[in-house]
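Taking it in order: structure first as structure tokens, then the write-up.
Chains as they are written, first to last, in our numbering: chain A, 4 to 117; chain B, 47 to 160.
See below:
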């Protein structure tokens, strides 16, 4: 069965450091992969999308990589700030007739300490 | 751009009553809308996918007669929880997509059934 795993339930880092979050998947061939940020009691906020034929995407302090051979995506936040503290979700999008249907990982709670 | 709203943001109802939740895309035409449910400390689980003007497609295990979805226009979808029970208490989140673009999520609706 399809499985999506985000490497850790919680990640604590010091302000200014780079946070690296991992998303691994099995039995899945996604058309694309997305990363979202979710704050408590709020809906997910879209951050980055990377397609199956792309290796890396950047947006300001954010970077995502996508390795379809390893079936893994890495999400980096450079120069992290306490305001970056939130739950980060990876989501894989199906292709074919179910194009765009998302399956979410369980999320990683990031805490950036001042 | 790409703003999705939900109403109400929270609702408390008695067991056995029905509750309607609205999802609107404010600045784009949502050809597809999705409804998710999220229990505490868990990730988002897709309930159903709806395309404007056609019947919703429900995920396995989701009762279509209990969770009525209507997507009557390109900017509005509604989810009605019929004969709600305490186990239906959850955080309901909608998302919307224009064409094959990424999904944007609403802020969520907290449903509490007494």
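Beta carbons: idealized from backbone N, C-alpha and C, even for Gly. Owing to the predicted nature of the structure, the values given are computational and were not obtained by experimental measurement.
Query	Result
Touching by the beta-carbon criterion (3+ pairs, under 8 Å), the segment 34-53 of chain A and the segment 60-73 of chain B	no
Residue 100 of chain B classed as buried or exposed, judged by whether at least 16 other C-beta atoms fall within 10 angstroms	exposed
Start-to-end residues for the beta strand (DSSP E) that takes in residue 57 of chain B	56-59
Residue 102 of chain B classed as buried or exposed, judged by whether at least 16 other C-beta atoms fall within 10 angstroms	buried
Runs of beta strand (DSSP E) lying entirely within the segment 118-150 of chain B, each at least 3 residues, in chain order	122-127, 136-143
Residues that residue 85 of chain B bridges to, as DSSP identifies them	Paired residues: none, contrary to the question.
DSSP three-state assignment for residue 94 of chain A, whether helix, strand or coil	strand
For residue 102 of chain A, the residue or residues it bridges with in DSSP	Paired residue(s): none; residue 102 of chain A is not in a bridge.
Residue(s) in a DSSP beta bridge with residue 66 of chain B	B:126
Residues sharing a beta bridge with residue 60 of chain A, DSSP	A:67
Element boundaries [beta strand (DSSP E), containing residue 31 of chain A]	Run containing residue 31 of chain A: none; DSSP gives neither H nor E here.
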